[in-house]
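Asks: For the sequence shown, this note's numbering assigns the number 177 to the initial residue and increments by one for each residue that follows. Ideal Cβ positions, reconstructed from N, Cα and C, are used throughout, including at glycine. Source: prediction; values computed, not measured.
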Amino acid sequence: MEKFKAFLKRKNIEISVKRYLIDALGAMAQGLFCTLLIGTILSTLGTQLHIGFLTDPIYSKGDVSFTIGGAASAMVGPAMAAAIGNAIMAPPLVLFSLIPVGYATNLIGGAGGPLAVLVVAIVAAEFGKAVSKETKIDILVTPIVTILVGVGLAALIAEPIGNAASALGKVIMWATELQPFLMGILVSVIVGIALTLPISSAAICAALSLTGLAGGAAVAGCCAQMVGFAIMSFRDNKWGGLVSQGIGTSMLQMPNIIKNPRIWIAPILTSAITGPIATCVFKMTMDGAAVSSGMGTCGFVGQIGVYTGWVNDVANGTKAAITAFDWIGLVLVCFILPGVLTWAFGLVERKLGWIKDGDLKLQ
177 MEKFKAFLKR
187 KNIEISVKRY
197 LIDALGAMAQ
207 GLFCTLLIGT
217 ILSTLGTQLH
227 IGFLTDPIYS
237 KGDVSFTIGG
247 AASAMVGPAM
257 AAAIGNAIMA
267 PPLVLFSLIP
277 VGYATNLIGG
287 AGGPLAVLVV
297 AIVAAEFGKA
307 VSKETKIDIL
317 VTPIVTILVG
327 VGLAALIAEP
337 IGNAASALGK
347 VIMWATELQP
357 FLMGILVSVI
367 VGIALTLPIS
377 SAAICAALSL
387 TGLAGGAAVA
397 GCCAQMVGFA
407 IMSFRDNKWG
417 GLVSQGIGTS
427 MLQMPNIIKN
437 PRIWIAPILT
447 SAITGPIATC
457 VFKMTMDGAA
467 VSSGMGTCGF
477 VGQIGVYTGW
487 VNDVANGTKA
497 AITAFDWIGL
507 VLVCFILPGV
517 LTWAFGLVER
527 KLGWIKDGDL
537 KLQ
């Protein structure tokens, strides 16, 4: 056993929650962002602003045709796998070999492909790391082992994992349609908390294919955390903190939350209010990419995702037009209510002595 532990240490194989469910999951979200999400944004900009080089195919042969945005979106599987491999410190040959593994896994996994990629890429990368530089023909052995393990495992488990993740996401979305008030609260609070924790809410939403009304609630919860913390901590962090949290990430507050968990009460309460407002009052849906549901105001990706969904719905006839009511709901749920409510709740906490000056100061 000691020899085995020594081998794992030498190979930098660390079996831990932090590496697999924090580092890898966070990296997977970055892979999603740089391909599927950016591709969707480019395609939307091209369509809405009539930019020819973004709407015209850059390649067309037979039945195969894609734009710049389409090409970026098509690479989501390889990007996720490579990002995961980088996060768990895979050497170059393993990292590059994960590209076909990610492509195959995401393809087989279908709608729940991101979760399948997370599992398969981790296993393939660790096997690749285990054999890396152990032979004189490493250039052959490491890629072969990584690809065989990865694609072989994908053939066995990617579809069941993808189906399970997709089914769970559908249950959440069905429940939200059935009980928009209760599920609006639950989805908003849970996804919002996940956004501030050192895990990836975006990757979770993508893995569950969380869109529709539930996706709208998720956006509301994320915005409550990001905008809420940005406004509530303004006296401690000024404009730099407003920007870094408001369009960056509320995760920056985690060290302060550990010191004083009560600072988290205000944004959580806010998410419990804005979630059902999004689902019951404005019927705000996320009909864009599922990853956008967990992004909140980070680079305004959540709002771009909602808008992209509106555009697609208008194009396919499921929505007559984008109305002023839609825009009012988006602005209220994503910006105004998170700021006002969290500030008000924070003020009460300060009067109770639960929050003191400096408790929200970013390091």
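Could you give the residue range of the alpha helix (DSSP H) that holds His235?
Replies: What you label residue 235 is simply residue 59 of the sequence shown in a count that begins at 1. Looking at the sequence itself, residue 235 is Tyr, so the reference to His does not match. For Tyr235, no alpha helix (DSSP H) encloses it; the enclosing beta strand (DSSP E) starts and ends at 235 to 237.
Asks: Going by Cα to Cα distance, which pick from Lys305, Gly328, Lys194 is closest to Leu184?
Replies: Taking the sequence shown and counting its residues from 1, one reaches residue 184 at position 8. Looking at the Cα atoms, Lys305 is the closest of the given residues.
Asks: Is it the case that the segment 425 to 440 contacts the segment 385 to 395, given that we only count it when at least three CB pairs across the two stretches are under 8 Å?
Replies: no
Asks: First and last residue of the alpha helix (DSSP H) that includes Phe272?
Replies: Working through the sequence shown from its first residue, we reach residue 272 at position 96. Under the DSSP assignment, Phe272 falls in the alpha helix (DSSP H) whose first and last residues are 268 to 285.
Asks: Taking all protein chains shown into account, do 16 or more other C-beta atoms lie within 10 angstroms of the C-beta of Asn492, making it buried, or fewer, making it exposed?
Replies: Within the sequence shown, residue 492 is the residue found at index 316, counting from 1. Label assigned to Asn492: exposed.
Asks: Please check the pair Gly391 and Thr461, which I expect to be a contact at CB under 8 Å, by giving their CB distance rounded to whole angstroms.
Replies: Within the sequence shown, residue 391 is the residue found at index 215, counting from 1. Within the sequence shown, residue 461 is the residue found at index 285, counting from 1. Going by Cβ atoms, the distance from Gly391 to Thr461 rounds to 6 Å, so yes, they are a contact pair.
Asks: Measuring only the C-alpha atoms, how far is Ala203 from Ile433?
Replies: As a working note, residue 203 is residue 27 in the sequence shown. As a working note, residue 433 is residue 257 in the sequence shown. Ala203 and Ile433: Cα-Cα distance of roughly 23 Å.
Asks: When the Cα of Cys456 is compared with those of Leu225, Val509, Ser241, Lys532, which residue comes out closest?
Replies: Within the sequence shown, residue 456 is the residue found at index 280, counting from 1. Cα-wise, what sits closest to Cys456 is Val509.
Asks: Measure from the alpha carbon of Asn262 to the alpha carbon of each residue in Leu274, Leu221, Gln224, Asn488, then state which is nearest.
Replies: In the sequence shown, residue 262 corresponds to position 86, counting from 1. If we check each option's Cα against that of Asn262, Leu274 comes out closest.
Asks: Determine the burial state of Ala442: buried for a count of at least 16 other Cβ atoms within 10 Å of its Cβ, exposed for fewer.
Replies: Numbered from 1 along the sequence shown, position 266 holds the residue referred to as residue 442. Buried.
Asks: Where are the alpha helix (DSSP H) runs, 4 residues long or more, that stay fully inside the segment 428 to 459, in chain order?
Replies: 430 to 435, 441 to 452
Asks: If I measure Cβ to Cβ from Gly422 and keep anything under 7 Å in the same chain, skipping five residues before and after, which residues do I get?
Replies: Sequence index remark: in the sequence shown, residue 422 carries index 246 (1-based). Excluding positions up to five away in sequence, the list reads Met402, Val403, Ala406, Thr473.
Asks: Check Met359 in the structure and name its three-state DSSP category.
Replies: Position 183 of the sequence shown, counted from the start, is the residue given in the question as residue 359. Met359 falls in the helix class under three-state DSSP.
Asks: What does the Cβ neighbour count give for Ser364, buried or exposed, with the cut at 16 atoms within 10 Å?
Replies: On the sequence shown, residue 364 is found 188 positions in, with the first residue counted as 1. Ser364 should be labelled buried.
Asks: Can you list, in chain order, the residues of its chain whose CB lies under 8 Å from that of Ser241, leaving out five sequence neighbours each side?
Replies: Reading the sequence shown from its first residue, position 65 is the one you call residue 241. For Ser241, where only same-chain residues beyond five positions count, the Cβ hits under 8 Å are Pro233, Tyr235.
Asks: Using a Cβ-Cβ cut-off of 8 Å (strictly less than) and excluding sequence neighbours within five positions of Asp535, which residues of its own chain qualify?
Replies: Mapped onto the sequence shown, residue 535 falls at position 359. Once the five neighbours on either side are set aside, the close Cβ partners of Asp535 are Asp412, Asn432, Lys435, Asn436, Ile439.
Asks: Is it true that the CB of Thr446 sits closer than 7 Å to the CB of Leu506?
Replies: In the sequence shown, counting from the first residue as 1, residue 506 sits at position 330. In the sequence shown, counting from the first residue as 1, residue 446 sits at position 270. In this structure, Thr446 does not lie closer than 7 Å to Leu506 by Cβ.
Asks: Helix, strand or coil for Met349 per DSSP?
Replies: Here residue 349 corresponds to residue number 173 of the sequence shown, with the count starting at 1. Helix, per DSSP.
Asks: Quick one: give me the first and last residue of the beta strand (DSSP E) that Phe242 is part of.
Replies: Within the sequence shown, numbered from 1, the residue matching residue 242 stands at position 66. Run containing Phe242: 240 to 242, per the beta strand (DSSP E) assignment.
Asks: Am I right that Leu358 and Leu384 are in contact with their C-beta atoms under 8 Å? What's the rounded C-beta distance?
Replies: Residue mapping note: residue 358 aligns to position 182 of the sequence shown, counting from 1. Residue mapping note: residue 384 aligns to position 208 of the sequence shown, counting from 1. Not quite, the Cβ-Cβ distance comes to about 18 Å (not below 8 Å), so this is no contact.
Asks: Can you tell which of Phe458, Asp489, Asn488, Trp503 has its C-alpha closest to the C-alpha of Gln479?
Replies: Walking along the sequence shown from the start, residue 479 turns up at place 303. Closest by alpha carbon: Trp503.
Asks: Candidates Ala334, Cys381, Leu373, Ser420: which alpha carbon is nearest Met349's?
Replies: Locating residue 349 in the sequence shown gives position 173, where the first residue counts as 1. When each option's Cα is compared against that of Met349, the closest is Cys381.
Asks: When the distance is taken between beta carbons, is Ala334 closer than 7 Å to Gly278?
Replies: Locating residue 278 in the sequence shown gives position 102, counting from the first residue. Locating residue 334 in the sequence shown gives position 158, counting from the first residue. Not closer than 7 Å, so no.
Asks: Please state the DSSP three-state secondary structure of Met256.
Replies: Along the sequence shown, one-based indexing puts residue 256 at 80. Correct three-state label for Met256: helix.
Asks: May I have the straight-line CA-CA distance separating Ile127 from Ile191, to the nearest angstrom?
Replies: Examination of residue 127 is not possible in this model, given that the chain is present from 177 through 539 alone.
Asks: With distances taken from CA atoms, which of Ile244, Lys237, Gln539 is nearest Leu230?
Replies: Position 54 of the sequence shown, counted from the start, is the residue given in the question as residue 230. Closest option to Leu230, Cα to Cα, is Ile244.
Asks: Using the Cα positions of Lys346 and Thr352, report the straight-line distance between them to the nearest angstrom.
Replies: Counting from 1 along the sequence shown, the entry for residue 346 is found at position 170. Counting from 1 along the sequence shown, the entry for residue 352 is found at position 176. Going from the Cα of Lys346 to the Cα of Thr352 covers about 10 Å.
Asks: What do you reckon, are the CB atoms on Ile264 and Pro374 nearer than 7 Å?
Replies: As a first step, residue 264 must be located in the sequence shown, where it is residue number 88. As a first step, residue 374 must be located in the sequence shown, where it is residue number 198. No; because the gap between Cβ atoms is not below 7 Å, this pair is not in contact.
Asks: Should Phe180 go down as buried or exposed, given a rule of 16 or more other Cβ atoms within 10 Å for buried?
Replies: Taking the first residue of the sequence shown as 1, we reach residue 180 at position 4. Label assigned to Phe180: exposed.
Asks: Which two residues bound the contiguous alpha helix (DSSP H) that contains Gln421?
Replies: Mapped onto the sequence shown, residue 421 falls at position 245. First-last of the alpha helix (DSSP H) with Gln421: 410 to 422.
Asks: What do you get for Trp415, buried or exposed, if any count of 16 or more other CB atoms within 10 angstroms of its CB means buried?
Replies: Here residue 415 is taken as the residue at index 239 of the sequence shown, counted from 1. Answer is exposed; the Cβ neighbour count stays below 16.
Asks: When you compare only the Cα positions, how much space is there between Ala340 and Ala292?
Replies: Along the sequence shown, read from residue 1 onward, the residue named residue 340 stands at position 164. Along the sequence shown, read from residue 1 onward, the residue named residue 292 stands at position 116. Their backbone Cα atoms lie some 10 Å apart in a straight line.
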